[in-house]
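Per UniProt numbering: the sequence shown ends with 376, consecutive numbering throughout. Accompanying notes for the structure given below.
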Amino acid sequence: MPFGIRMLLRAHKPGSSRRSEMTTSLDTVETFGPTSYDDDMGLLCEKADVGALIAQFVPPLYSLVFIVGLLGNVVVVMILIKYRRLRIMTNIYLLNLAISDLLFLFTLPFWIHYVREHNWVFSHGMCKVLSGFYHTGLYSEIFFIILLTIDRYLAIVHAVFALRARTVTFGVITSIVTWGLAVLAALPEFIFYGTEELFPETLCSAIYPQDTVDSWRHFHTLRMTILCLALPLLVMAICYTGIIKTLLRCPSKKKYKAIRLIFVIMAVFFIFWTPYNVAILISTYQSVLFGLDCERSKHLDLFVLATEVIAYSHCCVNPVIYAFVGERFRKYLRHFFHRHVLMHLGKYIPFLPSEKLERTSSVSPSTAEPELSIVF
1 MPFGIRMLLR
11 AHKPGSSRRS
21 EMTTSLDTVE
31 TFGPTSYDDD
41 MGLLCEKADV
51 GALIAQFVPP
61 LYSLVFIVGL
71 LGNVVVVMIL
81 IKYRRLRIMT
91 NIYLLNLAIS
101 DLLFLFTLPF
111 WIHYVREHNW
121 VFSHGMCKVL
131 SGFYHTGLYS
141 EIFFIILLTI
151 DRYLAIVHAV
161 FALRARTVTF
171 GVITSIVTWG
181 LAVLAALPEF
191 IFYGTEELFP
201 ETLCSAIYPQ
211 DTVDSWRHFH
221 TLRMTILCLA
231 LPLLVMAICY
241 TGIIKTLLRC
251 PSKKKYKAIR
261 LIFVIMAVFF
271 IFWTPYNVAI
281 LISTYQSVLF
291 GLDCERSKHL
301 DLFVLATEVI
311 AYSHCCVNPV
321 IYAFVGERFR
331 KYLRHFFHRH
341 VLMHLGKYIP
351 FLPSEKLERT
361 SSVSPSTAEP
371 ELSIVF
């Protein structure tokens, strides 16, 4: 579940006099009306203003992420399938990366509705499944970025070995294993998430045994830090160092272009994900780092929310950094646009040169090109 929704629940969850044997992951906070009692901080902390900001800004921001990400990733999937570019390993990973983003994006409308209504109107099973899908999409996205990095490393640094290893069969097998690992990483969400009735509202949140709440909070933070930041950055640093060394030994314009692309991939990943993971770490251990400070806690909540929106927007730019910057993909995209969009519009818009469009779209870019990745 997005952090912004968890913060909204802290501010808006109705008070309850009961303390059950099970407690939500958010119930390090006991709430009484709009005032939160933070067990970590040991003080009453008014966060209704934070909840109001979240309710105002999260729905439009996540709606924008959903629309842009959906359009971009659907185009990537259609181009890959339309021009039969799934006969090499790189494009298999690109397809799975787009599917990961689409799985992640699929859950956003439900969270947007949750924020707007301040109430979970769907079933207990939907709460579990959507929470699991949300985290599965998140982790599989990171894992396929790692696979793409390793794929580039093998293709450039170990070119001879790559001829044998980078096969369609190997790409399919590693993709299946990667999806299995992503589901395994998201298993706690499938198990522990569910609905909780706190009249007059219904919550969708993680329900952990009361004596293990802190342990699970720390586990969640460490899991995010390791899988979404430390591991991919370690793999990218090792692989891209080898790639750059190999390319610099034989300088050429094409190789320098490849270095620029690698730099963009690394820089974008750092920019989008590092602030969020750092913010999550600070938020989890804020009482140790800053002591008891309500104002600082509210500012930190807003900081985590802002960095979360940036991090999740990464699924919108994946089509750009892995596909749209590729010359071949741009060629396929132009052909697809002419063939399936402009030609249909030409029937209804008189000033569009329909005959020229038909000639342009009659030659498929896949008919005269060898099997190459659409990106590199």
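No residue lacks a Cβ here, since even glycine has one placed at the ideal position from N, Cα and C.
Euclidean distance between Cα positions of residue i and residue j
i, j, result
"Ala52", "Val65", "20 angstroms"
"Leu333", "Val77", "12 angstroms"
"Ile310", "Trp216", "25 angstroms"
"Phe104", "Pro319", "14 angstroms"
"Leu70", "Leu102", "6 angstroms"
"Phe110", "Ala237", "36 angstroms"
"residue 382", "Ala267", "Nothing can be reported for residue 382, as the shown portion of the chain is limited to 1 through 376."
"Gly72", "Thr307", "22 angstroms"
"Ile67", "Pro200", "32 angstroms"
"Phe336", "Asp211", "57 angstroms"
"Tyr285", "Lys298", "14 angstroms"
Cβ-Cβ distance between residue i and residue j below 8 angstroms
i, j, result
"Phe143", "Ala182", "yes"
"Glu197", "Ser131", "no"
"Ile146", "Val264", "no"
"Tyr134", "Thr107", "yes"
"Gly242", "Val157", "yes"
"Val304", "Ser287", "no"
"Leu222", "Trp273", "no"
As assigned by DSSP and simplified to three states, the class of residue i
i, result
"Pro2", "coil"
"Thr178", "helix"
"Thr167", "coil"
"Tyr332", "helix"
"Tyr240", "helix"
"Tyr276", "helix"
"Tyr193", "strand"
Residues of its chain near residue i, where Cβ-Cβ distance is below 6 angstroms and the 5 sequence neighbours each way are ignored
i, result
"Ala155", "Ala162"
"Ser313", "Val65"
"Phe290", "Arg296"
Delimiting residues of the alpha helix (DSSP H) encompassing residue i
i, result
"Leu229", "Looking at the DSSP string, Leu229 is not in any alpha helix (DSSP H), and its letter there is neither H nor E."
"Ile92", "Met89 to Glu117"
"Tyr134", "His124 to Val157"
Residues of its chain near residue i, where Cβ-Cβ distance is below 8 angstroms and the 5 sequence neighbours each way are ignored
i, result
"Phe170", "Met89"
"Thr246", "Ile156 and Val157"
Cβ-based neighbour list, residue i, same chain, cut-off 7 angstroms, excluding 5 preceding and 5 following
i, result
"Cys127", "Trp120, Tyr193, Gly194, Thr195 and Cys204"
"Met224", "Asn277 and Ile280"
"Ile112", "Pro59, Tyr62 and Ser63"
Element boundaries [beta strand (DSSP E), containing residue i]
i, result
"Tyr208", "Glu201 to Pro209"
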